[in-house]
Amino acid sequence: MRNSGSRALWKIVSSPEQSDLVKYLERHEPLATVVSDRLRRFPLDRRLHGGGRVHFRENCGAVYQGPGGFFAPFFSGYSPEDLHAQAALRRNFGAFLRPRTIMGAEAHVEALTALLGANPRTWVNYDLLSLSPPDYPRRMPAPRDISIVRPRPDQWRSLLQLQIAYEIEEVLLPGTRPAPEHSKTSLIDSLTCQRVLVAVCQGDVIGRVATNARGMGTDQIGGVYTVPSWRGRGIARLLMTHLLADLAREGRRASLFVKKDNTAARRLYDGLHFSFVSPYRISYYR
Numbered sequence: 001m002r003n004s005g006s007r008a009l010w011k012i013v014s015s016p017e018q019s020d021l022v023k024y025l026e027r028h029e030p031l032a033t034v035v036s037d038r039l040r041r042f043p044l045d046r047r048l049h050g051g052g053r054v055h056f057r058e059n060c061g062a063v064y065q066g067p068g069g070f071f072a073p074f075f076s077g078y079s080p081e082d083l084h085a086q087a088a089l090r091r092n093f094g095a096f097l098r099p100r101t102i103m104g105a106e107a108h109v110e111a112l113t114a115l116l117g118a119n120p121r122t123w124v125n126y127d128l129l130s131l132s133p134p135d136y137p138r139r140m141p142a143p144r145d146i147s148i149v150r151p152r153p154d155q156w157r158s159l160l161q162l163q164i165a166y167e168i169e170e171v172l173l174p175g176t177r178p179a180p181e182h183s184k185t186s187l188i189d190s191l192t193c194q195r196v197l198v199a200v201c202q203g204d205v206i207g208r209v210a211t212n213a214r215g216m217g218t219d220q221i222g223g224v225y226t227v228p229s230w231r232g233r234g235i236a237r238l239l240m241t242h243l244l245a246d247l248a249r250e251g252r253r254a255s256l257f258v259k260k261d262n263t264a265a266r267r268l269y270d271g272l273h274f275s276f277v278s279p280y281r282i283s284y285y286r
């Protein structure tokens, strides 16, 4: 780990196995799940060519800085009034101060936005929710004509249109068009590195659910999507209970973030006993 000028200030982590950081992220999940996932899955790269770097201040916070943006789970020890610490963190960022996105708890995204001095083009507000294994609902039995399947990475072609439809409805900003090659890459990565379940009826995929970040002890769920003609029949709830049953066997916590105006999703997660953790935000810069 390289010292940034003071033992009490922000440092750039040089090893993903750095024990203080791992313990710190584990304590602060689900807010830190995305950072934990990046630390586990991607190489650390000071030049930000193929990986990211983690800025860490013990008992204060951690920020993952990647080629595409920042994941910013500041915690209780972080103070925007601590100008000395802020200066150390900004120096660590170096010349890479034009992010595509910043995501994290709303207050922490706002703090990092102020530190960078760059106003976002737009942002989307969510609520971060979580659920622990003792409160997981029972796995619902699937109707006789529906199968719950865990697809393999080589089956991506049968799922690509579902992936694109999900991105258009839940991920992309209004007026933004999907890029099929990007959708393909994202889908294959998900099938390879995440836990994905799909509901199949008479050979047609009618819904899916997946994790999109796997932390130290928490799995963040995303990609919950049901094709329009099957909505209102409990497919999303069916898939969620099967995924949560898988996570329960491993003793892992679940989290997700949901748009504030998505009333249908909120009814689903309320019914599954998810509880509120924090306002959450993704800010977009370009």
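Here the sequence shown is numbered in UniProt numbering, starting from 1 and rising by one per residue. C-beta atoms are modelled at their ideal positions from N, C-alpha and C, and glycine is treated no differently. Please read these numbers as outputs of a predicted model, since none were measured by experiment.
Nonlocal neighbours in the same chain, by C-beta distance under 8 Å from T101, ignoring five residues either side: By one-based count along the sequence shown, residue 101 stands at place 101. Taking C-beta separations shorter than 8 Å and ignoring five residues to either side along the sequence, the partners of T101 in its chain run G68, G69, F70, I282, S283, Y284 and Y285, following chain order.
Does the structure place the segment 208–218 close enough to the segment 15–30 that three or more beta carbon pairs sit under 8 Å? Pairwise C-beta distances place the segment 15–30 in contact with the segment 208–218, as three or more of them are shorter than 8 Å.
What span of residues does the alpha helix (DSSP H) with V171 cover, start to end? Numbered from its first residue, the sequence shown carries residue 171 at position 171. From DSSP, V171 is part of no alpha helix (DSSP H); its letter is neither H nor E.
Using the DSSP secondary-structure output, state which residues sit across from D270 in a beta bridge. On the sequence shown, position 270 is the one that residue 270 refers to. Under DSSP, D270 shares a beta bridge with no residue.
Please report the straight-line C-alpha distance between A114 and V22, rounded to a whole angstrom. Within the sequence shown, numbered from 1, the residue matching residue 114 stands at position 114. Within the sequence shown, numbered from 1, the residue matching residue 22 stands at position 22. A114 and V22 have their C-alpha atoms spaced approximately 27 Å apart.
Where does C201 sit, in a helix, a strand or coil, going by DSSP? As a working note, residue 201 is residue 201 in the sequence shown. Three-state DSSP puts C201 in a strand.
Looking at the structure shown, is H55 part of a helix, part of a strand, or coil, going by DSSP? Counting from one through the sequence shown, the residue named residue 55 turns up at place 55. Here H55 sits in strand by DSSP.
Would you mind listing the beta strand (DSSP E) stretches within the segment 70–137 that are 3+ residues and don't spill past its ends, in chain order? Qualifying beta strand (DSSP E) stretches, in chain order: 101–105 and 122–131.
Mark H108 as exposed unless 16 or more other C-beta atoms lie within 10 angstroms of its C-beta, in which case mark it buried. Locating residue 108 in the sequence shown gives position 108, where the first residue counts as 1. Around the beta carbon of H108, 16 or more other beta carbons lie within 10 angstroms, which makes this residue buried.
How would you call A105, buried or exposed, if buried means at least 16 neighbouring beta carbons within 10 angstroms? Taking the first residue of the sequence shown as 1, we reach residue 105 at position 105. With 16 or more other Cβ atoms from the protein chains shown falling within 10 Å of its own Cβ, A105 counts as buried.
What residues are listed by DSSP as bridge partners for S19? In the sequence shown, residue 19 corresponds to position 19, counting from 1. Assignment of beta-bridge partners to S19 by DSSP yields no partner.
Contacting residues, own chain, Cβ-Cβ under 8 Å from N125 (five flanking each side not counted): Here residue 125 refers to the residue found at position 125 when the sequence shown is read from its first residue. Once the five neighbours on either side are set aside, the close Cβ partners of N125 are E106, K259, K260, P279, Y280 and R281.
Unbroken beta strand (DSSP E) run spanning Q220, endpoints: Position 220 of the sequence shown, counted from the first residue, corresponds to residue 220. First-last of the beta strand (DSSP E) with Q220: T218 to T226.
If we ignore side chains and look at the alpha-carbon of each, how far apart do G50 and G271 end up? The residue labelled residue 50 in the question sits at position 50 within the sequence shown. The residue labelled residue 271 in the question sits at position 271 within the sequence shown. If you take the alpha carbons of G50 and G271, they lie about 41 Å apart.
Between which residues of its own chain and A265 is the CB-CB distance below 6 Å, once the five residues before and five after are set aside? Looking up residue 265 in the sequence shown gives position 265. Once the five neighbours on either side are set aside, the close Cβ partners of A265 are V258.
Quick one: what does DSSP say L9 is sitting in, helix, strand or coil? By one-based count along the sequence shown, residue 9 stands at place 9. Of the three classes helix, strand and coil, the one that applies to L9 here is coil, per DSSP.
Output the boundary residues of the beta strand (DSSP E) element that contains S183. As a first step, residue 183 must be located in the sequence shown, where it is residue number 183. From DSSP, S183 is part of no beta strand (DSSP E) but of the alpha helix (DSSP H) over P180 to C193.
Inter-stretch contact at 8 Å, needing at least 3 Cβ pairs: the segment 131–145 / the segment 178–185: Touching, no, given that fewer than three Cβ pairs across the two stretches are closer than 8 Å.
By how many angstroms is the C-alpha of L268 removed from the C-alpha of S275? Your numbering for residue 275 matches position 275 in the sequence shown. Your numbering for residue 268 matches position 268 in the sequence shown. Their backbone Cα atoms lie some 12 Å apart in a straight line.
Check this for me: beta carbons of L159 and V209, under 8 Å apart or not? For the purposes of this step, residue 159 is identified with residue 159 of the sequence shown, where counting begins at 1. For the purposes of this step, residue 209 is identified with residue 209 of the sequence shown, where counting begins at 1. No Cβ-Cβ contact shorter than 8 Å links L159 with V209.
Let me know the secondary structure DSSP gives S4 once reduced to three states. The sequence position of residue 4 within the sequence shown is 4, counting from 1. With a pLDDT of only 38 at S4, under 50, the local geometry of the prediction cannot be trusted, and the value read off the model is given with reservation. In the three-state reduction of the DSSP assignment, S4 falls in the coil class.
Close Cβ partners of N3 (< 7 Å) along its chain, the five nearest in sequence each way excluded: For the purposes of this step, residue 3 is taken as residue 3 along the sequence shown, with counting starting at 1. The predicted model places N3 with a pLDDT of 40, which falls under 50 and marks its position as unreliable; any figure quoted below should be read in that light. Annotation for N3: K11 place their beta carbon closer than 7 Å to its own, counting only its chain and skipping 5 residues before and after.
Suppose you measure from the CA of Q163 to the CA of Q202; what does that come to, to the nearest Å? Taking the first residue of the sequence shown as 1, we reach residue 163 at position 163. Taking the first residue of the sequence shown as 1, we reach residue 202 at position 202. Straight across, the Cα-Cα distance linking Q163 with Q202 is about 20 Å.
Counting along the chain, where does the alpha helix (DSSP H) carrying G245 start and finish? Walking along the sequence shown from the start, residue 245 turns up at place 245. The amino acid occupying residue 245 in the given sequence is Ala; Gly does not appear at that position. That run of the alpha helix (DSSP H) goes I235 to R249.
I need the boundaries of the alpha helix (DSSP H) containing Q65, first residue and last residue. Sequence index remark: in the sequence shown, residue 65 carries index 65 (1-based). From DSSP, Q65 is part of no alpha helix (DSSP H) but of the beta strand (DSSP E) over G61 to G66.
Residue environment, G175, which counts as buried when at least 16 other CB atoms sit within 10 Å: Locating residue 175 in the sequence shown gives position 175, counting from the first residue. Burial check for G175: the Cβ neighbour count within 10 Å stays below 16, so the residue is exposed.
So, at 7 Å on beta carbons, what are the nonlocal neighbours of Q161 in its own chain, with the 5 sequence-adjacent residues on each side left out? By one-based count along the sequence shown, residue 161 stands at place 161. Residues of the same chain with a CB within less than 7 Å of the CB of Q161, apart from the 5 flanking positions on each side, do not exist.
Under the rule that 16 or more other beta-carbon atoms within 10 Å means buried, what is A179, buried or exposed? As a first step, residue 179 is located in the sequence shown; it is residue number 179 there, counting from the start. Burial call: exposed.
Under three-state DSSP, which class holds R177? As a working mapping, residue 177 is identified with position 177 in the sequence shown. In this structure, R177 counts as coil in the three-state DSSP scheme.
Closest to A248 by C-alpha separation, out of Y225, D219 and L44, would be which residue? For the purposes of this step, residue 248 is taken as residue 248 along the sequence shown, with counting starting at 1. It is D219 whose Cα lies nearest to the Cα of A248.
At the level of alpha carbons, what is the spacing between Q18 and F56? By one-based count along the sequence shown, residue 18 stands at place 18. By one-based count along the sequence shown, residue 56 stands at place 56. Going from the Cα of Q18 to the Cα of F56 covers about 10 Å.
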